[in-house]
Amino acid sequence: MIQKKCLLLAVIVWCCTITYGQQVVNTKAVFSDVEQQTEYLSKKVDAIKTKTLEFPRTTVHDSLKLVVSGDWTSGFWAGELWFLYQYTGKAAWKEKAQEATQLMNREQWNRSSHDVGFKIYCSYGNGYRLTKDTAYEHVIIQAAKTLATRFNSKIGCIRSWDFRNSWQYPVIIDNMMNLELLFAATRLSHDSSFYRIAVSHANTTLKNHFRSDYSSYHVVDYDTLTGKPIKKITAQGYADSSAWARGQAWALYGYTMCYRETHNTTYLKQAEHVANFILTNPHIPVDMVPYWDYNVPDPGQEPRDASAAAITASALYELSQYSKQGKAFKKAADEITKSLTDHYRAAINTNEGFILMHSTGHKPAHSEIDVPLIYADYYYLEALLRANTLSHKTSESLSKQ
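Positions 1 to 401 (our numbering) are the ones given, in order, by the sequence shown.
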């Protein structure tokens, strides 16, 4: 009987490998490479950093570009280091992560940008998740207080950019990502005002940012007197009516996270709709790594955006745990992650130490086109960690049968 049960388990595992094996990434081997690559980047950062320029963002003319802590991408470096510590358990990575996180300390009071969520939660948030350091807890709560000062109750949203141009109160789809900080602060402080702001922002964005096909505008500008939208544009996309690839990824990730934090099925349905818009889009390439915008007229001549793919993969892994379409979403996440791993990963000691190649920052502004980007690496590692966790859950489930 025992032999029959063992044989049955072996058959089940073999069948699962046949079904899903083509998309499996060797996480151990990839993280071994990532450790070497990140060590290479760390040495480059240490060699050229100044008192203010301390965080790797991208390359310019094939040279490493560092930014200040006020830059919206600054927190991803500490986050990447925390991910390496999470996977390896090595004290050296923990120490590096702690050092990079401490450099972000001043940003908890920075009211000039909505990106305090990106900056603090990717650094201090991951640090607290892995260490439960009470000092990190205090920073998260203060950063949430700072972010809350940018909320307008008349509009129901957190203001994004402060520069005006022709805008009164711009809100970008990227801002959905900053809500995770508010949800975390709610748990840590038991102050429900953070939760209410996050939910208000999510609800208002859901109402005003999306088209009938569930693609998203990049920017919605609001009238500060009436609280109503004035205009809707796609500043970093091909056209106002187009679907900027990274914007769709932010929307998918944001509403998946909001469902996790609230269990509001409206957010789950929205995440599913956005996921299906992405995955059934006729312009998505065979390798599942999108061009920088889903509506460019001549895709073959346009750059890809590996960052959008990495964000999408990470979000799909999480969404697969909540949705009835979970198997399809996980399969798509596996395909994207496999593609990034096999075809978009740089060779060790190249690419100025960044992991992924071929991302696009802001094509209309002729900025950061076909370059590595730190946030592409961050979400790629998060996707790998989430895939690894799901793999272990599947193995444990099979072993109990």
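Using N, Cα and C, we set each Cβ at its ideal position, and we do this for glycine too.
| Asked | Found |
| --- | --- |
| Residue environment, Q22, which counts as buried when at least 16 other CB atoms sit within 10 Å | Bear in mind that the predicted position of Q22 carries a pLDDT of just 42, short of 50, making it too unreliable to give a figure here. |
| Terminal residues of the beta strand (DSSP E) in which H343 lies | Element bounds for H343: not the beta strand (DSSP E) but the alpha helix (DSSP H), 326-343. |
| Beta-carbon proximity of S307 to R386, cut-off 8 Å | no |
| Reduced DSSP secondary structure (H/G/I, E/B, other) of Q299 | First, the amino acid is wrong: residue 299 is Pro here, not Gln. If DSSP states are grouped into helix, strand and coil, P299 belongs with the helices. |
| Where the alpha helix (DSSP H) containing K119 begins and where it ends | 116-120 |
| Any alpha helix (DSSP H) of 4 or more consecutive residues that is wholly inside the segment 349-384 | none |
| Residue from Y259, A275, D240, K232 with nearest C-alpha to A198 | Y259 |
| Contact check, P290 vs A309, beta carbons under 8 Å | yes |
| Rounded separation between L381 and R196 - CA only | 31 Å |
| 4-residue-minimum alpha helix (DSSP H) runs that sit fully inside the segment 58-111, ordered along the chain | 75-88, 91-102 |
| Chain-order list of residues whose beta-carbon lies under 7 Å from that of Q86 (same chain, five-residue window excluded) | L130, L385 |
| Cβ-Cβ distance between H209 and Y217 below 8 Å | yes |
| A185 to A144 span [Cα, whole Å] | 6 Å |
| Segment contact, 8 Å Cβ cut-off, at least three pairs: the segment 363-372 with the segment 54-74 | yes |
| Ordered list of alpha helix (DSSP H) runs contained in the segment 233-262, each at least 4 residues | 245-262 |
| Contacts around I233, its chain only, beta-carbon distance under 7 Å, and the 5 residues preceding and following it disregarded | Y217, H218, V219, D240 |
| Pairwise C-alpha distance: V24 and I18 | Legend: pLDDT at I18 = 30, less than 50; position of this residue unreliable, value from coordinates given subsequently. Spanning the two alpha carbons is a distance of roughly 10 Å. |
| DSSP-derived helix/strand/coil call for V220 | strand |
| Residue environment, I336, which counts as buried when at least 16 other CB atoms sit within 10 Å | buried |
| T52 versus K363 - alpha carbon distance | 27 Å |
| Which listed residue (S63, K119, Q236) has its alpha carbon closest to that of V296 | Q236 |
| G156 to S323 span [Cα, whole Å] | 28 Å |
| Chain-order list of residues whose beta-carbon lies under 8 Å from that of E107 (same chain, five-residue window excluded) | S69, G70, S74, G75, V116, K119, I120, A143 |
| Through-space distance from L206 to P170, alpha-carbon basis | 15 Å |
| Buried or exposed (CB count within 10 angstroms, at least 16 for buried), K28 | exposed |
| Beta-carbon proximity check, E54 vs L66, cutoff 8 Å | yes |
| W292 vs T360 beta-carbon contact at 8 Å | yes |
| Identity of the residues DSSP links to R304 by a beta bridge | Y291 |
| Span separating the alpha-carbon of K94 from that of Y40 | 17 Å |
| With 16 other Cβ atoms within 10 Å as the buried cut-off, status of A383 | buried |
| When L84, T88, A91, G125 are compared against M104, the one with the closest alpha-carbon | G125 |
| Own chain, CB closer than 7 Å to I141, minus 5 neighbours either side, in chain order | A185, L188, S189 |
| Residue burial classification, A365 (beta-carbon count within 10 angstroms, cutoff 16) | exposed |
| Residues near Y128 in its chain [Cβ-Cβ closer than 7 Å; skip 5 each side] | Y136, E137, I140 |
| Minimum Cβ-Cβ distance from K44 to chain C less than 8 Å | Reference to chain C is not applicable here, since this structure consists of a single protein chain. |
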